[in-house]
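Heads up: the sequence shown runs through residues 1 to 323, numbered per full-length UniProt numbering. For reference, the structure is listed below as structure tokens.
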Amino acid sequence: MDIGFGLFYYTLIVLLAVILTAATCLASYLVTRNRTYACAFAGFLFYFFDVALVFQDDFLMQRAAELSSMPFFIGSPVASIVIGGGTLVSFWLAICEYIKEQRLAMRLVPGAAFVAGSVAVLLFAEPGSLQMFLFYSMRALLLYWMLAYIAVNYIGTRDDVKRLRMRRHRVLYVALWVLVTLVLMENVVLLLVVGPQLAGSSPLPFFPERNFAENLLVLCCAFAACMSAWKSLSLRRAEPPTQGGPSLETFIDQNLVPYGAARQLSKREAEVLRLVLLGKDNQNIATAMHLAPSTVKVHMHHILQKAERSNRKELIQDFWEFS
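The following block contains the structure:
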């Protein structure tokens, strides 16, 4: 099969995977009202159009004359900044929602810095392969900053619950470091090591905005997002999440239904667990639920057995790692 056709279908597969992930995140947001999913939806939707720009240049515009005279060029610089920035800022906001970063400056400054840096490269860098490298590596630079900030936030927090929630994604976190490095290495090889003559003599049209490692990075994030959304949607059954603000009690209520379903807890056991998560001891639980303390102890024994945990601390950790 011609390599051009292979690239054509590869691009279609990436587009399909990204837009399906965006739809899944939107569905999860509508059910859970978790704004992390809303931001992820926006990020994947932006990236759909980002890949579509490459699709346009590769298969619709057919700039054969331009390619032969200028192998390295930015096809749509303004669109690349706007759509690429929208993708990265949306994912950054999803991270902020997950780690509860509420400071407005921390939410807005990274995106503004990306736009300013990209525009500065276009205006002041000498046209050529180095300009292309600097322009498209702004994405990798912002991604590195995001990952570094997550590490600093994890190390600096004293909230054990927050640490547990972040630790759940350690495999994805390490994978993202590797993939972002591959994105940068691909830019180095194709934009700095490979000369214009080699690119021009290739049977395959070359566009610097195409980055296969970046596609793999986003598909990795898409897989993680779909797994999280699938778990959330499949376990909630017919019960919608509790409405409310981002308080501890609301968060517990939102995650208690899927956790109870996964651990096969009865309705009464879930009620006992809710009070345990709110810091109540057996006596206070008995008073709040109008039960005998011995009955509460029996419920706690059953909950620990079903969760396969030996004490309250491990049970609470299991809940937060699941959520």
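All C-beta atoms in this analysis are idealised placements derived from N, C-alpha and C, irrespective of residue type, glycine included. Quick caveat, the model's predicted, so the values are computed rather than measured.
Simplified DSSP assignment, three categories, for His-290:
coil
Which residues bound the alpha helix (DSSP H) around Arg-170?
170–187
By alpha-carbon positions, which one of Thr-157, Asp-160, Val-193 ends up nearest to Phe-133?
Val-193
Please report the straight-line C-alpha distance between Phe-135 and Gly-85, rounded to a whole angstrom.
12 angstroms
Does the separation of the CB atoms of Phe-229 and Ser-90 fall below 8 angstroms?
The amino acid occupying residue 229 in the given sequence is Ala; Phe does not appear at that position. Their beta carbons are not under 8 angstroms apart, which means Ala-229 does not touch Ser-90 by this criterion.
Buried or exposed for Asn-311, please, with buried defined as at least 16 other CB atoms from any protein chain shown within 10 angstroms of its CB.
exposed
Could you check if residue 382 is buried or exposed, using at least 16 other CB atoms within 10 Å of its CB as the buried criterion?
No answer is possible for residue 382: it lies beyond the span of the chain, which begins at 1 and ends at 323.
Would you mind working out which of Ala-148, Arg-168, Met-106, Leu-184 sits nearest Ser-137, comparing C-alpha positions?
The closest CA to that of Ser-137, considering only Ala-148, Arg-168, Met-106, Leu-184, is found on Leu-184.
Using three-state DSSP, classify Ala-17 as helix, strand or coil.
Helix, per DSSP.
Output needed for residue 397: all residues of its chain with C-beta closer than 7 angstroms, excluding positions within five of it in sequence on either side, in chain order.
Nothing in the structure corresponds to residue 397, since the chain is present only between 1 and 323.
Nearest-angstrom Cα separation, counted from Lys-100 out to Val-82
26 angstroms
Using only alpha-carbon positions, find the residue among Thr-250, Val-54, Leu-273 that is nearest to Gln-317.
It is Leu-273 whose Cα lies nearest to the Cα of Gln-317.
Do the segment 118–133 and the segment 144–156 make contact, defined as three or more Cβ pairs closer than 8 angstroms?
no
Might you give, ordered along the chain, the residues of its own chain that have their beta carbon closer than 7 angstroms to the beta carbon of Tyr-144, omitting 5 neighbours on each side?
Val-180
When the distance is taken between beta carbons, is Gln-264 closer than 8 angstroms to Lys-306?
Yes; because the gap between Cβ atoms is below 8 angstroms, this pair is in contact.
Could you say if the segment 35–51 and the segment 96–110 meet the contact criterion of at least three C-beta pairs nearer than 8 angstroms?
yes
Starting from the Cα of Tyr-173, find the closest Cα among Ile-155, Asp-160, Thr-157, Cys-221 and give me that residue.
Cys-221
Among Val-51, Lys-280, Leu-122, whose alpha-carbon lies nearest the alpha-carbon of Ala-213?
Val-51
To the nearest whole angstrom, what separates the beta carbons of Gly-117 and Trp-92, a pair I think is in contact under 8 angstroms?
Incorrect: roughly 15 angstroms between the Cβ atoms, too far for contact.
Going by other Cβ atoms of all chains shown within 10 Å of its Cβ, with 16 needed for buried, is Val-189 buried or exposed?
exposed
Could you pull out every residue in the same chain whose Cβ sits closer than 7 angstroms to the Cβ of His-302, ignoring the five residues on either side in sequence?
Glu-269
Note down, in chain order, each residue of its chain lying with its Cβ closer than 7 angstroms to the Cβ of Leu-122, except the 5 sequence neighbours on either side.
Pro-77, Phe-135
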